[in-house]
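Okay, so here's the structure we're looking at.
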């Protein structure tokens, strides 16, 4: 019985999150009420309150899921973020899987990729890799290189969304991989970058 209850909770939360994503295409998050979100999810308000207290809490959970998926992509990279090809390909695959969500979120929050938790998490991961695998120990250099690398990649993806997802995401991915490889080669020994798949 407990497993059935767990599945019901998962299904209800997914209904609420999907309904929120649909509503975000129509209006700003601040304008979405619990009543209309519940109606869109085909649940009553009481059911909504069993799972969440506010609409903002649902948004936070969606953001946490995205961050978790980004973290998983980074964990799956061979050795480190210095496997630029693997990491960028995994990030592109995540963007393809969550395309509708990202498209709606970037309309509502143009800074989704340029500021905030996604960028901060990616910068930390790059800094750890550069320190542990790339041998860069100077904090100022670590900060500058990670800022440059992550900002460049995220701005290309943001631009792709700003243009209505027109053009090839494979092209964007390839540019990211080539630019990162070239840039990192100025700071990381060639043998450390040998596993990069281009």
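In our numbering, the protein residues as written are 373 to 570.
In this text, a Cβ means the ideal position worked out from N, Cα and C, and glycines have one as well.
Does the region 471-486 come close enough to the region 526-535 to have 3 or more Cβ pairs within less than 8 Å?
-> Contact holds: three or more Cβ-Cβ distances are below 8 Å.
Beta carbon of residue 456 nearer than 8 Å to that of residue 552 | Against a cut-off of 8 Å, the Cβ pair of residue 552 and residue 456 comes out as a contact.
Using the rule of at least 16 other Cβ atoms within 10 Å of the residue's Cβ for burial, across every protein chain shown, is residue 483 buried or exposed?
-> Per the 10 Å Cβ criterion, exposed.
C-beta contact flag for residue 409 and residue 387 at 8 Å | For residue 409 and residue 387, no; Cβs fall outside 8 Å.
For chain D, find out if any of its Cβ atoms is closer than 8 Å to the Cβ of residue 468; answer yes or no.
-> The chain labelled as chain D is not found in the depicted structure, where only one protein chain is given.
Leaving aside the five residues before and after residue 417 along the sequence, list all residues of the same chain whose C-beta is less than 8 Å from its C-beta, in chain order.
-> 406, 407 and 410.
Do you know whose CA, among 461, 513, 415 and 439, lies nearest residue 493's CA?
-> With distances taken between Cα atoms, residue 493 lies closest to 439.
Return the residue from the list 538, 506, 514 and 382 that minimises the CA-CA distance to residue 424.
-> Residue 382 is the option with its Cα nearest to residue 424.
DSSP state of residue 560 mapped onto helix, strand, coil = The answer is coil: DSSP assigns residue 560 none of H, G, I, E or B.
Flag this pair as touching only if the region 518-525 and the region 537-554 have three or more C-beta atom pairs under 8 Å; answer yes or no.
-> Using a C-beta cut-off of 8 Å, the region 518-525 makes contact with the region 537-554, since at least three inter-stretch Cβ pairs fall below that distance.
In its own chain, which residues sit with a C-beta less than 8 Å from the C-beta of residue 564, not counting the 5 before and 5 after it?
-> Hits under 8 Å: 454, 505, 506 and 507.
Provide the residue span of the alpha helix (DSSP H) that contains residue 529, from first to last.
-> For residue 529, the enclosing alpha helix (DSSP H) stretches over residues 511-534.
Would you grab the beta carbon distance between residue 393 and residue 472 for me? Rounded to a whole angstrom, and I think it's under 8 Å.
-> The Cβ separation is near 7 Å, so the contact holds.
How would you label residue 495, buried or exposed, when you count the other beta carbons within 10 angstroms and need 16 or more for buried?
-> Buried, by the Cβ-count rule.
Among 560, 420, 468 and 486, nearest to residue 499 - alpha-carbon criterion | Ranked by how close their Cα comes to the Cα of residue 499, the residues 560, 420, 468 and 486 have 560 in first place.
Pairwise C-alpha distance: residue 543 and residue 558 | Cα to Cα, the separation comes out at about 24 Å.
Reducing DSSP to helix, strand and coil, say where residue 397 ends up.
-> In the structure shown, residue 397 sits in coil (DSSP, three-state: anything other than H, G, I, E or B).
Between the beta-carbon of residue 434 and the beta-carbon of residue 389, is there less than 8 Å?
-> Closer than 8 Å, so yes.
Name the two residues that bound the continuous alpha helix (DSSP H) containing residue 412.
-> Residues 406-413.
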